[in-house]
Amino acid sequence: MTDDLCSRDAYMTDCEATVTGATDGGVVLDRTVFYARGGGQPGDTGMLSWDGGECRVIDTVKSRESGEVVHVLAPEDPQPPVGAAVTAEIDWDRRYTHMRTHTALHSLSGIVFGDYGAKVTGGNMESGGVARMDFELDTISQEFGREVEEKLNAALARDVPVHVTFLPRAEALADPDLIRTKVSLIPDSVDPIRVIDIEGIDKQADGGTHVRQTVEVGRVRVVKTESKGKGFKRMRIELESP
Ligand SMILES: [Zn+2]
Numbered sequence: 084m085t086d087d088l089c090s091r092d093a094y095m096t097d098c099e100a101t102v103t104g105a106t107d108g109g110v111v112l113d114r115t116v117f118y119a120r121g122g123g124q125p126g127d128t129g130m131l132s133w134d135g136g137e138c139r140v141i142d143t144v145k146s147r148e149s150g151e152v153v154h155v156l157a158p159e160d161p162q163p164p165v166g167a168a169v170t171a172e173i174d175w176d177r178r179y180t181h182m183r184t185h186t187a188l189h190s191l192s193g194i195v196f197g198d199y200g201a202k203v204t205g206g207n208m209e210s211g212g213v214a215r216m217d218f219e220l221d222t223i224s225q226e227f228g229r230e231v232e233e234k235l236n237a238a239l240a241r242d243v244p245v246h247v248t249f250l251p252r253a254e255a256l257a258d259p260d261l262i263r264t265k266v267s268l269i270p271d272s273v274d275p276i277r278v279i280d281i282e283g284i285d286k287q288a289d290g291g292t293h294v295r296q297t298v299e300v301g302r303v304r305v306v307k308t309e310s311k312g313k314g315f316k317r318m319r320i321e322l323e324s325p
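The sequence shown finishes on residue 325 if you use the numbering used here, and the numbering steps up by one all the way, no holes.
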């Protein structure tokens, strides 16, 4: 399997790698800095270059059959042959915005649970610092959105560290913070479990990429609050400086 470098260091922008396979309009590498779409976070885009050629990576996905990380290549570009040594480089500005957005979403979920006792039921991120999150709330209003926005920005401005740890599965299952986020639903084969801990704000098992310190997120606006049904309320957020 591909060595997934961004799961340990989200700030790596490029790496040297070898092409180990070709599949579904893309290539598999022995190691990569590209994040494969999942957990609400878009897949990375960027470039692969090798001796004599280069091509654009237009998306990164996990193959449904093999679980491998597939770098989806622009169909009109040349493809590196299997065995080629390549330099893999992500579109860093786009990814960094995803890291900030993702950290904002965790913080939002921690605040809405901590202060209002409501669990998250869904969420999704777009490019450009835009995202939504769904909560098991009975009611929602614009005033509520503003209140949460204020609390969220105050928490982010405290500039707390964001820790990435790999916990033995048994330990993760016994952690009360992780029980809340349904860590028991993670397949049995996943051990250790990767945990993102935004000190004092939110802690959850997660595969995405995040910033190191909450101040990097900047200010966040709650741009919309809406009811999608009973116990199903949605908040849309935007980073102030995408
Ligand atoms: Zn995350």
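Note that the Cβ used here is the ideal one computed from N, Cα and C, for glycine as well.
Contact check, residue i vs residue j, beta carbons under 8 angstroms
{"i": "G108", "j": "P158", "result": "yes"}
{"i": "S190", "j": "L250", "result": "no"}
{"i": "F218", "j": "T204", "result": "yes"}
{"i": "M130", "j": "M216", "result": "no"}
{"i": "R177", "j": "S210", "result": "yes"}
{"i": "A288", "j": "V266", "result": "yes"}
{"i": "S324", "j": "G301", "result": "yes"}
{"i": "G193", "j": "G123", "result": "no"}
{"i": "L322", "j": "T180", "result": "yes"}
{"i": "E232", "j": "V144", "result": "no"}
Chain-order list of residues whose beta-carbon lies under 6 angstroms from that of residue i (same chain, five-residue window excluded)
{"i": "W246", "result": "Note that residue 246 is His in the sequence shown here, rather than Trp. These residues qualify, in order along the chain: D280."}
{"i": "D86", "result": "R114"}
{"i": "A201", "result": "V195, F218, E219 and L220"}
{"i": "T292", "result": "C89, A93, Y118 and M182"}
{"i": "T103", "result": "V111 and D113"}
{"i": "D160", "result": "C138 and R139"}
{"i": "D274", "result": "R252"}
{"i": "G314", "result": "E219"}
{"i": "G136", "result": "P161"}
Integer Cβ distance of residue i from residue j, believed to fall under 8 angstroms
{"i": "T297", "j": "R241", "result": "7 angstroms"}
{"i": "E151", "j": "V111", "result": "5 angstroms"}
{"i": "A187", "j": "I284", "result": "Rounded, the Cβ-Cβ distance is 11 angstroms, inconsistent with contact."}
{"i": "V169", "j": "A100", "result": "6 angstroms"}
Close Cβ partners of residue i (< 8 angstroms) along its chain, the five nearest in sequence each way excluded
{"i": "I141", "result": "T128, V155, L156 and A157"}
{"i": "T248", "result": "R277, V278 and D280"}
{"i": "M208", "result": "G123, Q124, P125, H181, T184, H185, L188 and A214"}
{"i": "Q162", "result": "A105, V110, C138 and L156"}
{"i": "L268", "result": "none"}
{"i": "G121", "result": "K145, G290 and G291"}
Own chain partners of residue i with C-beta closer than 7 angstroms, once the 5 adjacent residues on each side are dropped
{"i": "R295", "result": "P244 and V245"}
{"i": "S310", "result": "I223 and K316"}
{"i": "S146", "result": "T106, D107 and V153"}
{"i": "I262", "result": "none"}
{"i": "E299", "result": "R183"}
{"i": "D198", "result": "K234"}
{"i": "T264", "result": "Q287 and A288"}
{"i": "W133", "result": "P163, A167, A168 and V169"}
{"i": "C98", "result": "L88, R114, T115, V116 and A171"}
Pocket of ligand 1 (residues with CB nearer than 6 angstroms to any heavy atom), chain order:
H185, H189, I279, D289, G291 and H293
Kindly provide the ranges of any beta strand (DSSP E) runs that are 3 or more residues long and lie completely inside the region 234–258, ordered along the chain.
245–250, all fully within the region 234–258.
Please give me, in chain order, every unbroken run of the beta strand (DSSP E) with length at least 3 that falls completely inside the region 282–318.
285–288 and 303–312
Any beta strand (DSSP E) of 3 or more consecutive residues that is wholly inside the region 129–159:
129–133, 136–145 and 152–156
Can you give, in chain order, each stretch of the beta strand (DSSP E) that sits fully within the region 168–195 and has at least 3 residues?
168–173
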